[in-house]
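Residue numbers (our numbering), protein chains in the order written: chain A, 1 to 214; chain B, 1001 to 1258. Glycine included, each C-beta is placed from N, C-alpha and C at the ideal position. Okay, structure first, notes after.
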């Protein structure tokens, strides 16, 4: 294997190993020392590169959207007229951006009266979807479902002020559930997730995690 | 000045890091540790089989929060590993695979993972570029786009794993509505209850990171996953020891804040 080919095959892993070790050394150092400040500045710069990548990727994304939607319109696939709506919206938003910038009046109008309205509509739908999910989960199929249902009901009752009047002390039980079993389970999950992250980093550095730079 | 509480963090981290490295190299001497099967991976196999039987597609999405920074990025990397596995299964058994994703930054990796399965199984004719659909512009756009796609295409199996936001509810419930098997998974604690609520099979927390290693069958990767359990026992011992020392009046709180 030629040296150039070897470098080409391993350059991504070399960058990954360098940055990982760099971050690990930077972690325990505070910003008050000169060396620590230098490391923190570099950390910020490196993190900023991802934003740059994202900005370039938007161009690729817009290209893919245009290509897919135009192809759907040309081939007259199912509901192709919605693709025209997407393309028209894309042109309007890009045009508004060019006219007054990201914070200009046109973009602000579109954001307030189109994007926010649509986003709020989705939030409204989410409430119904959540209720349907809870309904399914709260059927008393087994002991775990029963525990889930009872603890959720206690938390729900805590949220409604009338229940504190009807069942004195319900808020104490709810707070105990949140602070004890709930926190304990969450911390156990945190430990597992942390270990999983370290293992992923090790696999990436060994070149075994294919999509993690390995 | 050194950051407060750095000493224990650093010692713990490096200890675990080195043990995992040693574990990985143990595999080279033929010492492979055993793992239990992840139920959610079994679910993916069942889901692909179901899709083939019903002559319907499989839908995959890597969560609405696939950003390039922090643990969002690592979860996306893990999700893309699962996509590669799903793609290979779909190619092997002849199921169509639909992929939706929310950020263009990941397009090259997602495209490669999608194509790799079909190429490895020698079925490049099954690759359909139009099946990779971006829904850019944040999670509202992504969620509504995927919900519409699910209603249109009616897949037999829906897989939504990675850094999930409220797509846990949106995609999960839409999958139920169309009668699909739902496989979810995330390491985001805020969303995990919703994922469990809406999914038939779940990658819970660390299982998401381990899934790629499971599917690879590579002894080096498997050893790193198996040794995570050693880390958990270590943390348990530390907890019990901490409680005993604290009860005995030893000022460990001050020591830990070094």
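Cβ neighbours of residue 209 of chain A within its own chain (closer than 7 Å, five residues either side excluded): 200, 203. Here residue 1201 of chain B carries a strand assignment [DSSP, helix/strand/coil]. For residue 201 of chain A, the closest Cβ of chain B is nearer than 9 Å. Here residue 1085 of chain B carries a helix assignment [DSSP, helix/strand/coil].
Each residue's CA atom was taken as its position, placing residue 1156 of chain B and residue 1048 of chain B some 8 Å apart. The shortest CA-to-CA distance from residue 1081 of chain B to any of B:1112, B:1031, B:1069 is the one to B:1112. By the beta-carbon neighbour count (other beta carbons within 10 angstroms, threshold 16), residue 1122 of chain B is exposed. With its beta carbon less than 9 Å from one in chain B, residue 136 of chain A belongs to the interface. Contact check for residue 1065 of chain B and residue 1163 of chain B: beta-carbon distance about 4 Å, within the 8 Å limit, so the pair qualifies.
Residues of the region 46-72 of chain A with a C-beta atom less than 7 Å from some C-beta of chain B are 47, 50, 53, 54, 57, 58, 60, 61, 64, 65, 68, 71, listed in chain order. Counting only Cβ-Cβ distances below 8 Å, residue 192 of chain A has contacts in chain B at 1205, 1206, 1228, 1232, in chain order. Positions of the beta strand (DSSP E) runs, each at least 3 residues long and wholly inside the region 102-153 of chain A, cannot be given because no such run exists. Check the Cα spacing between residue 1124 of chain B and each of B:1211, B:1131, B:1115: the tightest is with B:1115. For secondary structure counted as the alpha helix (DSSP H) over 4 or more consecutive residues, the region 1047-1115 of chain B holds these complete runs in sequence order: 1070-1093. Comparing alpha carbon positions, the residue from B:1057, B:1151, B:1010, B:1006 closest to residue 1173 of chain B is B:1151.
Within the region 35-104 of chain A, the runs of alpha helix (DSSP H) at least 4 residues long that lie entirely inside it are, in chain order, 80-100. In terms of Cα proximity to residue 1175 of chain B, the closest of B:1165, B:1158, B:1167, B:1187 is B:1158.
In this chain, the alpha helix (DSSP H) harbouring residue 186 of chain A covers 183-205. Below the 7 Å Cβ cutoff, chain B contributes 1140 as neighbours of residue 118 of chain A, in chain order. Under the DSSP assignment, residue 1033 of chain B falls outside any alpha helix (DSSP H); it carries neither an H nor an E label. Our two residues, residue 2 of chain A and residue 15 of chain A, have alpha carbons roughly 20 Å apart in a direct line. In this structure, residue 1208 of chain B sits near residue 1078 of chain B, with a CB-CB distance shorter than 9 Å. In its chain, beyond the 5 residues on either side, 1135 have a beta carbon closer than 6 Å to the beta carbon of residue 1141 of chain B. Annotation: the continuous beta strand (DSSP E) that includes residue 1183 of chain B extends over 1181-1186. Looking only at A:76, A:37, A:73, the smallest Cα-Cα distance to residue 23 of chain A is reached by A:37. Separation of the CB atoms of residue 1087 of chain B and residue 1098 of chain B is rounded to 11 Å, and the pair is thereby denied contact status at 8 Å. Taking residue 1052 of chain B as the centre and dropping the five residues before and after it, the same chain places the C-beta of 1093, 1094, 1095 closer than 8 Å to its C-beta, in chain order. In the three-state reduction of the DSSP assignment, residue 1161 of chain B falls in the strand class, which pools E and B. Secondary structure note for residue 1219 of chain B: its alpha helix (DSSP H) is the uninterrupted segment 1219-1247.
Secondary-structure assignment with DSSP links residue 1133 of chain B through a beta bridge to B:1100. Rounded to whole angstroms, the separation of the alpha carbons of residue 83 of chain A and residue 71 of chain A is 9 Å. Burial state of residue 144 of chain A is exposed, judged by a 10 Å Cβ sphere holding fewer than 16 other Cβ atoms. For residue 1166 of chain B, the neighbours in chain A by C-beta distance under 7 Å run, in chain order, 126. For the region 135-155 of chain A, the set of residues with a beta-carbon nearer than 7 Å to any beta-carbon of chain B comprises 137, in chain order.
Bounds of the alpha helix (DSSP H) holding residue 1254 of chain B are 1252-1256.
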